[in-house]
Every structure is written in C-alpha cells, then in structure tokens.
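Residue numbers 1 to 751, in UniProt numbering, belong to the letters of the sequence shown in order. Don't be surprised by glycine CBs; every beta carbon is placed ideally from N, CA and C.
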Amino acid sequence: MTTVTQPPGTGQVELVIGGMTCASCANRIEKKLNKLDGVTATVNYATEKARVDFTGDVSPEELIATVEQAGYTAALPAPKQAEPTEETAVEPDPTASLRTRLLVSLVLTVPVIAMAMIPALQFTNWQWLSLTLAAPVVVWGALPFHKAAWTNLKHGTATMDTLVSIGTLAAFGWSLYALFWGTAGTPGMTHPFELTIARMDGTGSIYLEAAAGVTTFILAGRYFEARSKRRAGAALRALLELGAKDVAVVRGGVETRIPVEQLVVGDEFVVRPGEKIATDGVVTEGSSAVDASMLTGESVPVEVGVDDVVTGATVNVGGRLLVRATRIGADTQLAQMAQLVEDAQTGKAQAQRLADKISGIFVPIVIALAVATLGFWLGTGGAIAAAFTAGVAVLIIACPCALGLATPTALMVGTGRGAQLGILIKGPEVLESTRKVDTIVLDKTGTVTTGKMTLLDVIPAEGEVGTRVLELAGALEDSSEHPIAQAIAKGARDEIGTLPQVEGFANVEGLGVQGVVDGHAVIVGRARLLADWSQPLDEKLETAMAEAESAGKTAVAIGWDGKARGVLVVADAVKPTSAQAIAQFRALGLTPILLTGDNARAARTIGDEVGIDEVIAEVLPQDKVDTVKRLQAEGKVVAMVGDGVNDAAALAQADLGLSMGTGTDVAIEASDLTLVRGDLRAAADAIRLSRRTLATIKGNLFWAFAYNVAAIPLAMAGLLNPMLAGAAMAFSSVFVVSNSLRLRRFKSTAQ
C-alpha cells in the first residue's frame, strides 16, 4: 500500500473518503481529483475509497486537500494491525445511528400519515398533534439530508439530498405558516377527502404527512444501502482469516509454537497432518499430499516432497512436513489474492452513474420550476399566499412516496422470493448487471462438479470380480487419510457395507499403501508401486488406466498375492443438474465458458459432458481475473459463478458475481448473488429473478415518475388540491406495492 513517504514520480495512493451520501458525491470528488495535473482517480461510493494514480510532484496531502475543498473528508488508510487490540476487537456498527434515526422517525410518522389520510381520525386539534410528531422527524430525522444539501449549496451543486431537504422543509415551513398565520390551526379543522381541481391559497392545508413520510422513506432506503455497503470489506477480512493463526517454528533445534505474525523469512516450521501451512515456503523434510483447492481450484491434492514449493493457508492432508518460510505477510499468495479482490471491487464505481445523471438533471429542473412558478404568480399580480402555495406544491409533488417505494418494495419482494428459493441478492446495483449479461464464466470444481473426489469405476482384471476388488481396496484405503483413498473407501462402504479389518497397514510415501486384508497381502497405489512388487498390469488394466488419465481422472491399481487384480478410477464427479443448467443459460442468451485451475484434459472432459464448448484450464487466481478482464475488454458483459477462495477476485471483477453457498465465505462475500443450494440451476433462476425484479423496479419508477410529471403542471397552475395530491400519491403507492407483489409468483425451474 502506498504511503506518504512515496517518492515523487509515478505512483498510486489509496484514500479513505468520508461524507459521501450518494453516487453523485463520488462523481464530484472524482472530477475534482482528475482536474489535477497528472492525476487519474477512481472513487468508489460502495467501498468509500479513492484510488489515485499520479505522475509528477503530487503529494497525498495535496490530494486530501482537494477532496476537502469539495466538502468531504479524506485520509490515508490506517496501517493493518496484525493482532486486534481490545479497542478494535469489536468493530462498531456504523449503521447503528442511522437505524436509530429510522426507527424513531417511523414510530412518529405512522400516526401523522394515518391522521392526514383518514378523516375519521381527525379529532379536534389533531393538526397540533401532527405538528408535535412531525417536527422531530423533519428537523432531526432529516438532519443528514439537510447537512448534505448545505454542503452542496456551498459548492454550487445539487443532488437528491438537495431535493429531499428543500421539499421536506418547504412542506414543513408552509404547514407552520398555515397553522400559525393561516386557517389550518383553527380547532375542528379537517382535511375533507375531496377529489377536485381548484385554485386555492393553501393557508387552510398542512403538508406534515408529506414532510415526515418522505423523510422516513428516504431514511429507510439509506439504511438498507448503508447496511449492504458495510459488507464491502468482509471478503477481505474473510480472506485474511483463512491463514493459520499460529505456527510450530523450529529454532535452535527446539520446536516452539508462536503467533504466525512473528514468523520471519528463513524460519523452518512444522506442519502436521490436518494443519494449515502457515505461510509460503519450500519443503525441507518429509512428503505429503496438500489440499490447495481453495487457492488453485485443483480438485486433486498435490503430492509434495523435499524442495517442492507450498502455499500458505493450504491444508496438509498427509504426512509431517518441515517447511522453510520464503514469503511472509503482504508478500504471500493469500495476501496478494486479498489485494486482487480489493482492486476488483474498487473498479466497480462505473456501474453507479445512472442515479447521478438523473439527480444532476432532475433536481435543478424541479427547483427552477418552483422558482419560476413563484415568480410567475407574483409577476402576474397573484396573491402572495397563492403564489407560495403553487411554488411549494411543485417542490412537494416532486418527491412523492411512490418514488421512495418504487425500488425498496420490488427489492424486498424480489429478494424475499429469492431467499425462499435459495438465492440471496445483495443490492439494487446487482440487478442492472443481470439485464446486460451475455457471457457466463463457470468455475469447475464445486460449481459444475461436486468438488469432492468420488469413485467412478472399478475395472477388474480377467478372471476377477469387481466387488471383491472394491472390497479389498476399500478396506485398505480406509486406513489412509488421503482424499483419493477416502473416496475409494466411501465407494466401497456404499456398495458393500462393512469392510474387512486390515493388519500391518503401511503408507509408501508418494506411491500408495500396503497391508494384509483377509489373509491377502494387498497393495493399492500407482502402477510403479505394483511394478516394484513384480505385479505388472496386464494389457486390459494398462488400457483402462491410460484412458482414465487421458480424461483427466485419477486411476490407482490394486494387486494381491503377487498379481495385479484391478484398477479403480476416481475423479471429481459432475453434478447431475449441471448439464440442464447449461441449457438454461443458453436459453437466457448467455454463452457458457468453463474456467478452472484443473488440468486441461479433466476440464475438457467435463466441458464435453455438460455441453460447454469453450474451456480455459490450468489458470491461477490472478489468471482468472485477467480472463474476466479480457472478456470485458472484448465488449462482453460477464457473469462469473464460483465457490472457492481462488474465485473471489474474479467474482468481484465480473460484472455479475454469483457464488455457490456451499463454497467459502470469501467467495460468498465477494459475489453479488449467493446461491444457497449447490445446484447450478439456481444460477439460471437467479438471473431470471433478477431480471424480473429489475423490470418491476423500472416499471415502478416509470409510473411513480409519471405521476410526478403529470402533477407538476397542475401544481404550477395553482390547481393542486392537497387532497387530490394525497389521493394520487396514495394510489401511486398502492400501484407500486401491488406491482411489486407480483414477484411472489416467480417459479424456479428446479421445482
């Protein structure tokens, strides 16, 4: 990470930005920074960070000053702590104050709206109770909007915060005028429910329900947005938590367990079976199998011995290893993957420009129309009260409840239905991506396949019985902890049941196992192990082994009593629903691509089995990111489906990231959509549901906006009866909610 001490020239610095309230804030900061000579900045509203590339004599202090001049705060990131202190161990919830503001406003607003909309509740002096309840909502509840509007005003700009602030204050201010200087404060005053269009001076009407209601609806939207933003850093935290917490280091011939942060390059440390390897290093003693699937995507554990390189956070599933540390801390592959995820997330700011463009045009137009209305009425000799009524009505009708409900209700129903189907949608910006996606990249291990080694076939030699071959092999392999051995043992137990006892079990490092089963001296492992015991494979078994390996599967041989007796084939099996899911992707107009760290032969076999034409194999995590970037550079809009740590950065880089809920927390946090079921068909359902939800949101926004556009001319003409406006607002809200509820009828193809 770049710091203040970076020399002049070419460099990159990351800034933590504070005070942003909407996407237009990020755009304004970005424009300010990009005006500096030699500076290229990207500001991400979701992660509240700015990444700045610069050339020349540009200091971080100058960048921070530029951001502050725009009305926001900026700071260099705090250094990462190796161990959390008591103060940082419990991270405060930044959404707590917003949640409190929302709940208090909601409790106060509900009776205000009820009294205004239901004449039967309008008891004597009800308007004064409405004022008492609405005042804290408009003043305290809407304080964040007022502060943002003031900041915008000082810098000569306007956002949706400006419209919310002006609209609520105008409604509240006019209500105060009507109560204290007009006729609205008269005891016994009611709002008759009249649907008529007529000119009026407005001094007998109050708009407290509009002021309090709009504030509460917008607060609700901000709270849910803030809650989803809080998850932005969770992928990075989950990634770093994958590493080992302590390590058995050998210093001066003495083995001592220390925190992994105290490890230095050159230290030798012990890794026992089942333990995580503490950091990147080289094996100096011992041999074992290492499960690196979380980092590489390779489903078959890798055999390692002396002088082989091992990676931190991978799991030792075999024998005892002594490893010399070669990279620690930020230099390890795990830390570099965390940086890849962060880089990919930061690059998503471009997807959040639509709201900025709308607010940049809509807000100034509404304010200009309100001022023009006021000027026109005063200029043509109209009464001051009528002029102000018309001007304020323009501001109020420009921010109706329906616009506040349009997105949250569709999201609530859509995401709720998704949750019932095992699909978790993280936010509204996710839905926009699903509409344009034309390419879907699928990780192989754990996504298209089960991610677990499975016994696929038993080929007995001439004159042998397959069940007997499986029984003896399964019994012997049941004593080994190797994943391939466990797959054979499980297959044998599933087929036969109880397995015979083993005597004299021994592990032949890197080659296989041997022991005595039912009085037979049995050997299971590589063909080389059997050859060492003068048990060569016959032509049938050699052919079977070659065919299995050419298809990317793993084949082991078994022999007993001086003769090779059979071959067992193990592989990562394809999920039974994967081929159907691929067909559904094609029906949605998506081109499927298989992307995996596994070997090319295994990947090609899987691709052929499920119907995927394009297969990209033997890729590292950073290669996965590069592949997604390359597809995007070709003009494709890319969805990525994965489940492992090795997929996290690519999931974050993709236009739409879908993680299998059966995978790692890192993949789930880095994705946009989480599929709770391990069924790939859920990915097709997720895209269909997201597209349907997005279409509903757009329909809601269109109709809510249409009510606005239709009502603004009436308000400008002074014809906007408050009750007519209230009825239209209520009808538009009912329409929006009803339209959203249709999403509850969405059906999964897997049902």
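query                                                                                                                                                                           : result
Return the chain-ordered ranges of every alpha helix (DSSP H) run that is complete within the stretch 511-557 and spans a minimum of 4 residues.                                : 527-532, 539-550
With a CB to CB cut of under 7 Å and the five nearest residues on each side skipped, what residues in its chain are close to Ala-461?                                           : Asp-538, Lys-540, Leu-541, Ala-564, Arg-565, Gly-566
Count the other C-beta atoms from every protein chain shown that fall within 10 angstroms of the C-beta of Ile-697, then say buried if there are 16 or more, exposed otherwise. : buried
Is the number of C-beta pairs between the stretch 586-605 and the stretch 542-562 that are closer than 8 Å three or more?                                                       : yes
So Ala-171 and Ala-211 are supposed to be a Cβ contact under 8 Å. How far apart are they, rounded?                                                                              : 4 Å
For Arg-745, collect the residues of the same chain with a Cβ closer than 6 Å to its Cβ; drop the 5 residues on either side in sequence, then sort them by chain order.         : none
The alpha helix (DSSP H) spanning Leu-131 covers which residue range?                                                                                                           : 126-136
Can you say whether Thr-186 is buried or exposed, counting buried as having 16 or more other CB atoms within 10 angstroms of its CB?                                            : exposed
Thinking Gly-718 and Ala-184 are a contact (beta carbons under 8 Å), I'd like their distance in whole angstroms, please.                                                        : Actually they do not touch by this definition, with Cβ atoms about 18 Å apart.
According to DSSP, is Leu-236 part of a helix, a strand, or is it coil?                                                                                                         : Residue confidence is low: Leu-236 scores 48 on pLDDT, short of 50, so the model does not pin down where it sits. Its coordinate-derived value is still stated next. Reduced to three states, the DSSP call for Leu-236 is helix.
According to the neighbour-count rule (16 or more other Cβ atoms, all chains shown, within 10 Å of its Cβ), is Glu-503 buried or exposed?                                       : exposed
Quick one: what's Phe-362 bridged to in DSSP?                                                                                                                                   : DSSP lists no partner for Phe-362.
Is His-146 buried or exposed, if buried means 16 or more other CB atoms sit within 10 Å of its CB?                                                                              : buried
I'd like the span of the beta strand (DSSP E) that includes Arg-257, first residue to last.                                                                                     : 254-259
Please state whether the Cβ-Cβ distance between Thr-439 and Leu-631 is less than 7 Å.                                                                                           : yes
In angstroms with no decimal places, state the Cα-to-Cα distance between Pro-60 and Asp-37.                                                                                     : 14 Å
Counting only beta-carbon separations shorter than 7 Å, does Leu-334 have a partner in chain C?                                                                                 : Here there is only one protein chain, and chain C is not present.
Given this structure, state the Cα-to-Cα distance separating Leu-470 from Ala-492, to the nearest angstrom.                                                                     : 6 Å
Looking only at its own chain, which residues have a Cβ that is under 6 Å from the Cβ of Val-306, when we skip the five neighbours before and after it?                         : Val-283
Among all the DSSP beta bridges, which residues are the ones paired with Ile-616?                                                                                               : Leu-595
Can you list, in chain order, the residues of its chain with a C-beta nearer than 7 Å to that of Gln-580? Leave out the 5 residues immediately preceding and following it.      : Arg-681
Beta-carbon separation of Asp-584 and Ala-654 under 7 Å?                                                                                                                        : It is Gln, not Asp, that sits at residue 584 in the sequence shown. No, the Cβ-Cβ distance between Gln-584 and Ala-654 is not below 7 Å.
Could you tell me which residues DSSP pairs with Ile-459 in its beta bridges?                                                                                                   : Val-567
So, with DSSP's three-state summary, where would you put Asp-246?                                                                                                               : strand
Quick check on Gln-535: buried or exposed, where buried means 16 or more other Cβ atoms within 10 Å of its Cβ?                                                                  : buried
Give me the Cα-Cα distance between Tyr-223 and Pro-144, rounded to the nearest whole angstrom.                                                                                  : 12 Å
Report the rounded CA-to-CA distance for Val-430 versus Asp-672, giving the unit in angstroms.                                                                                  : 6 Å
On a Cα-Cα basis, can you pick out the residue from Leu-219, Leu-169, Ala-686, Thr-467 that is closest to residue 752?                                                          : The chain is shown from 1 up to 751; residue 752 falls before or after that span and cannot be answered.
Could you tell me whether the Cβ atoms of Ala-70 and Ile-118 are closer together than 7 Å?                                                                                      : no
So, using beta-carbon positions, are Glu-275 and Val-250 closer together than 7 Å?                                                                                              : no
So, are the CB atoms of Arg-108 and Val-137 less than 7 Å apart?                                                                                                                : Residue identity differs from the one stated: residue 108 is Leu in this sequence, not Arg. Yes, they are a contact pair.
State the Cα-Cα distance for the pair Leu-743 and Ile-113, rounded to the nearest angstrom.                                                                                     : 27 Å
If distances are taken between C-alpha atoms only, which option among Val-392, Phe-505, Gly-19 comes closest to Pro-713?                                                        : Val-392
Between Leu-334, Asn-34, Glu-303, which lies nearest to Ala-244 when the distance is taken from Cα to Cα?                                                                       : Leu-334
Along the chain, where does the alpha helix (DSSP H) containing Arg-586 start, and where does it finish?                                                                        : 578-587
Quick check: residue 756 and Val-517, are their CB atoms within less than 7 Å of each other?                                                                                    : As displayed, the chain neither begins before 1 nor continues past 751, which places residue 756 out of reach and without an answer.
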